[in-house]
Every structure is written in structure tokens, then in C-alpha cells.
Amino acid sequence: MREQTPHPKRVFPTPKTFYRIAATMKPQTIPTRPFTDQRPGTSGLRKKVTVFQQPHYLENFVQSTFNALGGIRGKRLVLGGDGRFFNQQALQTIIRLAVAGGAAGLLIARNGILSTPAASHLIRKYGLDGGFILSASHNPGGPAGDFGIKFNIANGGPAPEKLTEAIYAESLKISAFQIVDIAAVDLERLSLSRILETEIRIIDPVADYADLMAELFDFDLIAGLIADSDFRFLYDAMHAVTGPYAEEIFCRRLGAAPDTLLNCTPKEDFGGGHPDPNLKYARRLVDIMFGPAPPAFGAASDGDGDRNMILGAGFFVTPSDSLAVIAANAHLVKGYRKGLKGVARSMPTSQAIDRVAARLGIDCYETPTGWKFFGNLFDAGRLSICGEESFGTSSDHVREKDGLWAVLFWLNLLAVKKLPVAEIVTRHWRDYGRNFYSRHDYEEIDSTIADRIMEELAQRGPGLIGRRCGRLQLTVADDFSYRDPIDGSLSCNQGLRLLFADQSRIILRRSGTGTSGATLRLYFEKPENDPAAMMSETQTALAELIDLAEELTRLKELTGRREPTVIT
Ligand code: VG1
Ligand code: CO
């Protein structure tokens with residue numbers, strides 16, 4: 015059973031301005047026709063901006079969500095987004111729909127800018143019924159870019175599959191939506207107002223979140239590290255949502271100099287960049303960290319603030335390793351001193367965390383890709399920390415992955431251990447063994463070809479079990495499915511797995527967040543327990559698996575691609 019309300023309802027501070035908007039208008043019912051492409055993917059509904067700009071497209075999806083929830087009357091929601099193009103306009107539309115539906119309250123982030131983990135925290139802290147997060151995360155923005163919308167439930171986490179499927183079903187039969195014709199609500203000033211039955215509160219998006227971080231981490235210790243003139247660090251917000259959060263937390267609360275922050279002004283098009291914190295798209299930060307006289311620590315976050323990349327001087331921490339290091343050292347950090355209830359990773363994420371769980375004697379769950387699958391385990395008290403290979407890590411403090419949380423965790427660790435990042439990670443490998451890991455993405459492949467590659471491997475795989483290829487022996491070839499241990503729901507077709515006798519793995523998945531063509535992801539993992547072999551270069555260490563994957567999938571051959579679009 016899920017906890018009903020994770021925290022008792024708390025009272026909001028009352029802002030100085032209170033408006034009562036004379037509500038003479040009445041909700042109108044507007045006839046509409048279904049769109050057939052509104053099935054949410056790994057993380058909400060993501061489409062090109064131009065798709066969302068079609069008349070009624072957004073209205074249909076929001077109304078379908080209300081319908082799937084049994085109506086919005088009397089409910090309280092949080093609203094905000096990553097600040098990308100169309101964010102403001104979409105927010106005003108959602109306000110009109112929610113007011114028409116009789117929502118009791120809307121908590122809206124000032125200027126509509128709200129990070130995904132902060133939205134999750136607000137829902138939990140104030141006992142709200144859920145919220146809409148407007149974001150396409152790490153996908154590029156701007157008029158020719160992507161837009162997205164995600165609904166989170168009362169536990170603060172992404173809607174589970176049961177609900178996203180219900181929303182999709184509603185979207186296929188929708189015939190009308192209710193809307194009120196009101197002027198745009200001023201989102202710039204903190205205020206409290208009422209329109210019809212809906213109380214609308216414009217709130218500071220940063221304060222509650224920053225307070226939460228101060229509860230979890232030892233801010234005095236981190237401030238001491240930052241004040242040390244030998245320690246320099248850089249944080250890159252990639253012109254996305256975390257800029258204001260980073261200014262408050264790193265500069266105002268922890269005393270970092272302003273030049274610690276890169277790209278901290280949120281922009282509608284992310285400065286023309288791709289707000290994805292990895293070695294390819296966070297180029298400037300990566301160049302500095304791998305250049306001459308680099309800072310000791312570097313980090314970046316994505317469009318909506320739920321991802322993180324961790325770098326040391328000349329050193330990249332693979333997200334799977336970051337998760338394992340965090341779990342192994344959690345007892346050193348204020349909020350986690352009591353120990354971990356359990357840990358989890360998404361299926362393609364490396365098994366480095368499994369080694370830590372075994373040592374700690376705690377459970378390690380393996381879930382499908384996407385944060386929505388962790389929610390039930392957290393609510394049932396089985397999990398404390400979890401992560402995904404895709405630069406996502408978090409704990410039970412919210413129900414989303416949390417970029418700044420991971421950055422603060424690392425800063426806290428650095429302050430306690432007084433060791434370079436590279437040293438912390440290599441010592442971890444020597445202690446637990448290393449799992450070499452890499453993901454190769456092939457973006458915007460023709461959809462029919464992608465289907466064919468997946469189908470062929472699904473059919474061939476089982477016949478290859480027992481086959482030897484060099485030192486590799488295939489023991490399992492299947493399509494991953496997951497039965498949720500809490501509510502018993504079954505999720506099938508979550509990725510093709512080739513598992514080998516030495517625990518090496520090749521995984522092939524189709525992405526559920528792309529907006530044009532298909533993106534295929536190949537994941538490679540190889541455990542290494544020999545300290546002498548641990549320092550090899552990752553792609554070299556994985557070469558045998560990479561070659562075997564091509565032999566089995568013919569991915570390059572069939573797509574005509576010479577190399578992956580992105581390697582992480
Ligand atoms: C990707 C990642 C997945 C992550 C999802 C949402 O999904 O692989 O791990 O949860 O993005 O992250 P996919 O289906 O494209 O592989 V975010 O930061 O876009 O909310
Ligand atoms: Co994101």
C-alpha cells in the first residue's frame with residue numbers, strides 16, 4: 015500500500031498581494047476530436063513544439079489527464095516547467111483548463127520555472143494531489159525543438175504506467191474539453207488570487223528545495239571545502255532550469271564565487287544548445303575539466319534539473335559508478351547516516367550498485383527504464399537510493415531523479431574524504447571490483463529499420479544460448495519484463511538482454527523519449543576484478559562486446575551508420 019500523504023499538509027506563507035478576480039465568466043465546453051499520438055513515453059508526452067502548437071493538442075491531453083483522474087474538481091496541483099519555448103503559453107492554457115474543471119488550488123512557480131525534483135518536493139511537502147511538469151528534459155528547445163508534458167501523482171512521482179495508459183485511452187475517445195476565457199495570469203510576482211473556485215498561488219520555486227537540501231547535506235562542511243582556496247569547482251546549468259537553484263544553493267548558501275557557475279540564466283532555447291549533461295553536449299565544461307590546470311570538481315545538469323554529470327580533474331565518473339560510490343559512502347552524509355533500506359537501478363544500469371548492496375547486505379531491485387518504476391518501492395519503504403545509467407540518481411527525499419542532489423552529495427563526499435574525485439572512484443573499483451560500462455546511441459534511425467533490428471535480435475537471441483564467442487558464453491537472451499513487487503503490475507518489452515556467464519551484458523532498447531524517427535540504445539557492461547586490468551580505456555575494455563553486438567544485430571550495416579550518434 016502506498017502512503018496516503020507522504021508528509022502532513024503544511025500551510026503556505028501568505029504573500030503580500032491578494033487578488034480576487036471578478037469571476038463573471040463561465041466554463042465553456044469546446045468540442046474536439048482525438049489525436050491518435052498522445053501515448054506518454056518513458057517520461058511523459060514529448061513531441062516537436064509544432065505538434066503541441068496544433069489547435070486543441072495540449073487541451074486534449076490535459077483534459078484527458080483530468081478525465082483519467084476522475085476529474086480535477088477540488089484537487090490541488092503544482093504547475094511549472096523547464097522554461098523552454100512554449101512553456102509560458104502552455105501554462106496559461108493549463109490554468110484555464112484547471113479553473114474550468116473546478117480545481118481547488120494551483121501552486122505555480124514564479125515565471126513558470128520549476129525543476130522536476132523541486133516540483134516533486136512541492137507536491138510532497140504541501141500534500142498536493144499532483145502536478146504538471148512542462149519539459150522535454152534534455153531534448154533541445156526553441157520553436158523548432160521539442161516540448162513535453164508530464165503528470166506527477168500525489169506521492170510526487172511520475173504517473174505510473176496504469177495511469178499513463180488510462181490517459182492515453184481517454185485521449186483516444188475525447189470529444190470535448192472545458193475551458194474558461196480569462197486573461198493571462200501574471201506569473202512574475204509572488205501573489206495569491208482566486209478565480210472561480212480555484213486559489214492560485216505564485217510561489218518562489220527555489221526556497222523549499224534549497225531548505226530540503228540543507229536538511230540532507232552538511233552545508234557547513236561543504237562551505238568549508240568551497241572556502242578552501244585550493245579547491246575550485248564549476249557547475250554548468252546549460253542555460254536550463256537549475257540556474258536559479260544553483261545561484262541560491264552554491265553562491266548564497268554555500269559561499270561559492272559567482273564564476274563557479276556557467277550558463278545559469280534559463281533561456282527558452284537553452285542558448286541554442288542541447289541541455290544534456292554528457293561528454294558530448296556539455297562540451298565547454300568537459301574541455302575545461304580535461305584541459306590544463308582543471309578545477310577539482312565539475313558538474314552539470316539537464317533541461318529540467320533531474321540529471322547530473324560528475325567530473326573530476328581530467329576524470330569522468332560514469333553515472334553507474336556514481337550511483338555505486340554514493341550508495342557505498344552514504345553513511346558519511348548527514349541525511350543517510352542511519353543506513354540504507356535498499357537500493358535499485360534500471361535494468362540497463364551497470365551492476366556496480368549490486369556489488370555495493372551485496373556488501374551492505376541490503377536488497378537491490380532491477381526495474382525497467384524510467385523513474386516511474388521506482389515510486390512504489392520508495393513508498394513501500396524498500397528503497398533509499400536508486401539510479402539510472404542515463405545520468406539520473408536520487409533518493410527517497412523526492413520521487414524524481416535529482417541533479418543538484420547528486421552534485422551536493424559529491425561535494426559532501428569530497429569534503430569528508432578530502433581526496434580527488436578520481437581517487438575516490440579508483441579506490442572504489444579496487445575495493446568492490448569495476449564494471450566497465452558504456453552506452454552507444456543511434457539517433458533518428460528510420461523507424462522500420464529500428465523495428466527490424468529489434469525483431470531480428472528478439473528472434474535469434476534464444477537460439478544462441480550456450481554459444482561461445484571468445485571468452486564469452488551466452489546464458490540468457492530475453493526481452494526484459496518486470497513485475498512490480500508492490501502492486502503486482504506487469505511491464506513487458508522493456509529491452510532485449512544478452513547475458514553472459516561472466517556477468518557481461520549487451521542490452522538493446524528502443525528509446526521512449528525521442529521525437530523524430532527511432533533512437534536505439536546499445537548498452538555494454540563487463541565486470542573486471544583484476545586490478546591490473548581495471549585502468550584500461552573503457553571502449554577498449556568493451557571492444558569484444560561491441561563487436562559481438564554488431565555481429566548479432568547488424569545495426570551499423572542495416573542503418574548505414576559508421577558510428578553511434580552519442581557515446582556515454
Ligand atoms: C531516457 C533515459 C531514461 C530516463 C528518461 C527520462 O529514456 O534512458 O533512463 O529515465 O530518458 O529522463 P529513453 O526511453 O529515451 O531511453 V529525463 O531527464 O528525459 O526526464
Ligand atoms: Co531530465
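Each position in the sequence shown, counted from 1, maps to that position plus 14 in our numbering.
From the three backbone atoms N, C-alpha and C, an ideal C-beta is built for every residue, glycine too.
Owing to the predicted nature of the structure, the values given are computational and were not obtained by experimental measurement.
### Task
Compute every distance between the C-beta of R321 and the non-hydrogen atoms of the ligand ZN, then say whether any falls below 6 Å.
The ligand content of the structure shown is limited to the ligand VG1 and the ligand CO, which means the ligand ZN is not among them.
#### Entry: Local conformation of C506 per DSSP, three classes
Taking the sequence shown and counting its residues from 1, one reaches residue 506 at position 492. It is coil, neither helix nor strand.
#### Entry: Where the alpha helix (DSSP H) containing P258 begins and where it ends
Reading the sequence shown from its first residue, position 244 is the one you call residue 258. Run containing P258: 257-260, per the alpha helix (DSSP H) assignment.
### Message
Under 8 Å, with one C-beta from each stretch per pair, do the region 370-377 and the region 339-358 reach the 3-pair mark?
### Response
A contact exists between the region 370-377 and the region 339-358.
### Task
Please specify which runs of the beta strand (DSSP E), each continuous and at least 3 residues long, are wholly inside the region 158-198, giving them in chain order.
The region 158-198 contains these whole beta strand (DSSP E) runs: 160-166, 190-193.
### Task
Ignoring anything shorter than 3 residues or poking outside the region 375-448, list the beta strand (DSSP E) runs there in chain order.
377-381, 399-402, 406-409
### Query
Using DSSP with H/G/I as helix, E/B as strand and the rest coil, what is G55?
As a position in the sequence shown, residue 55 is number 41, starting the count at 1. If DSSP states are grouped into helix, strand and coil, G55 belongs with the strands.
### Query
In chain order, what residues of the same chain lie with their CB nearer than 6 Å to the CB of H454, ignoring the 5 residues before and after it?
In the sequence shown, counting from the first residue as 1, residue 454 sits at position 440. The answer, listed in chain order, is L536, P578, I581.
### Message
Quick check on Q68: does DSSP put it in helix, strand or coil?
### Response
Walking along the sequence shown from the start, residue 68 turns up at place 54. Q68 falls in the coil class under three-state DSSP.
### Task
Please confirm whether any heavy atom of the ligand VG1 lies closer than 6 Å to the CB of G285.
Position 271 of the sequence shown, counting from 1, holds the residue named residue 285. No, since every heavy atom of the ligand VG1 falls outside the 6 Å radius drawn around the Cβ of G285.
### Message
Rounding to the nearest angstrom, what Cα-Cα distance links R298 and D290 in this structure?
### Response
Reading the sequence shown from its first residue, position 284 is the one you call residue 298. Reading the sequence shown from its first residue, position 276 is the one you call residue 290. Approximately 13 Å between the Cα atoms of the pair.
### Task
Confirm the yes/no value for this check: CB of D416, any heavy atom of the ligand CO, distance under 6 Å.
Position 402 of the sequence shown, counted from the start, is the residue given in the question as residue 416. No; taking the cut-off as 6 Å, the Cβ of D416 has no heavy atom of the ligand CO nearer than that.
### Message
Under DSSP, the alpha helix (DSSP H) around E564 begins and ends at which residues?
### Response
The residue you call residue 564 lines up with position 550 of the sequence shown. E564 -> alpha helix (DSSP H) spans 557-567.
### Message
Any heavy atom of the ligand VG1 inside 6 Å of the beta-carbon of S315?
### Response
Residue 315 sits at position 301 when you count from the first residue of the sequence shown. The closest heavy atom of the ligand VG1 lies 6 Å or more from the beta carbon of S315.
### Query
Can we say the region 91-103 touches the region 155-162, given the rule of at least three CB pairs closer than 8 Å?
Contact between the region 91-103 and the region 155-162 is established, with three or more Cβ pairs separated by less than 8 Å.
### Message
For the ligand VG1, is there any heavy atom lying closer than 6 Å to the beta carbon of S57?
### Response
Taking the sequence shown and counting its residues from 1, the one referred to as residue 57 is at position 43. Checking the Cβ of S57 against the ligand VG1 gives yes.
### Query
In three-state DSSP terms, what is E457?
Taking the sequence shown and counting its residues from 1, the one referred to as residue 457 is at position 443. Judged by DSSP in its simplified three-state form, E457 adopts strand.
### Query
Under 6 Å from any heavy atom of the ligand VG1, does the C-beta of E402 make it?
On the sequence shown, residue 402 is found 388 positions in, with the first residue counted as 1. Within the cutoff, so yes.
### the ligand CO heavy atom lying under 6 Å from the CB of S151
Position 137 of the sequence shown, counting from 1, holds the residue named residue 151. Answer for S151: yes, Cβ within range of the ligand CO.
### Message
Using only the alpha-carbon positions, how far apart do E564 and L522 sit?
### Response
Locating residue 564 in the sequence shown gives position 550, where the first residue counts as 1. Locating residue 522 in the sequence shown gives position 508, where the first residue counts as 1. For E564 and L522, the distance between alpha carbons rounds to 11 Å.
### Task
Report the residue from F494, S505, T489 whose alpha carbon sits nearest the alpha carbon of F514.
As a first step, residue 514 must be located in the sequence shown, where it is residue number 500. Comparing Cα-Cα distances from F514 to each of F494, S505, T489, the minimum goes to T489.
### Query
CB of D318 to nearest heavy atom of the ligand CO: below 6 Å?
Start at 1 with the first residue of the sequence shown, and residue 318 comes out as number 304. Correct: D318 has its Cβ closer than 6 Å to the ligand CO.
### Message
Assuming the contact rule is C-beta atoms closer than 8 Å, Y259 and G319 should be a hit. Round their C-beta distance to whole Å, please.
### Response
In the sequence shown, the residue the question calls residue 259 occupies position 245. In the sequence shown, the residue the question calls residue 319 occupies position 305. The beta-carbon separation of Y259 and G319, rounded to 7 Å, stays under the 8 Å limit for a contact.
#### Entry: Secondary structure of R138, DSSP reduced to three states
For the purposes of this step, residue 138 is identified with residue 124 of the sequence shown, where counting begins at 1. Helix.
### Message
If we define contact as Cβ-Cβ less than 7 Å, is I324 a contact residue for chain B?
### Response
Considering every chain present, this structure includes no chain B. It has just one protein chain.
#### Entry: Contact set for F423: own chain, Cβ-Cβ below 6 Å, skip 5 residues either direction
Translated into the one-based positions of the sequence shown, residue 423 becomes position 409. Only residues of its own chain outside the window of five on either side were considered, and among them I340 have a CB closer than 6 Å to the CB of F423, listed in chain order.
### Query
Is it true that the region 381-392 meets the region 297-314, where meeting means three or more beta-carbon pairs spaced less than 8 Å apart?
no
### Task
Compute the Euclidean distance between the alpha carbons of N292 and T332, then round it to the nearest angstrom.
Residue 292 sits at position 278 when you count from the first residue of the sequence shown. Residue 332 sits at position 318 when you count from the first residue of the sequence shown. One C-alpha to the other measures close to 10 Å.
### Query
If V63 sits next to F146, beta carbons under 8 Å apart, how far is it from one beta carbon to the other, in whole angstroms?
To locate residue 63, count along the sequence shown from 1; it is residue 49. To locate residue 146, count along the sequence shown from 1; it is residue 132. That belief does not hold up - the Cβ atoms of V63 and F146 are roughly 17 Å apart, past 8 Å.
### Task
Measure the C-alpha to C-alpha separation of K89 and F80 and round it to an integer number of angstroms.
For this step, residue 89 is matched to residue 75 along the sequence shown. For this step, residue 80 is matched to residue 66 along the sequence shown. Their backbone Cα atoms lie some 10 Å apart in a straight line.
### Query
If you draw a straight line from the C-alpha of G116 to the C-alpha of L83, how long is it?
Residue 116 sits at position 102 when you count from the first residue of the sequence shown. Residue 83 sits at position 69 when you count from the first residue of the sequence shown. Distance between the alpha carbons of G116 and L83 is about 13 Å.
### Query
Shortest alpha-carbon distance to L148 belongs to which of A190, L433, F66, F191?
Your numbering for residue 148 matches position 134 in the sequence shown. Of the candidates A190, L433, F66, F191, the one whose C-alpha sits nearest the C-alpha of L148 is F66.
### Message
Suppose you measure from the CA of I217 to the CA of L204; what does that come to, to the nearest Å?
### Response
Here residue 217 refers to the residue found at position 203 of the sequence shown. Here residue 204 refers to the residue found at position 190 of the sequence shown. Computed Cα separation, rounded: 6 Å.
### Task
Check whether the Cβ of G94 sits closer than 6 Å to any heavy atom of the ligand VG1, and report yes or no.
Start at 1 with the first residue of the sequence shown, and residue 94 comes out as number 80. Not under cutoff, so the answer is no.
### Query
Skipping 5 residues on each side, what residues in its chain have a beta carbon closer than 6 Å to that of R482?
Position 468 of the sequence shown, counted from the first residue, corresponds to residue 482. Spatial neighbours of R482 in its own chain (CB-CB distance under 6 Å, excluding positions within 5 residues in sequence) are not present.
### Query
Excluding sequence positions up to five away, which residues of its chain have a Cβ less than 8 Å from the Cβ of A36?
Working through the sequence shown from its first residue, we reach residue 36 at position 22. With a pLDDT of 48 at A36, under the threshold of 50, the predicted position of this residue should be treated as unreliable, though the coordinate-derived value follows. Hits under 8 Å: none found.
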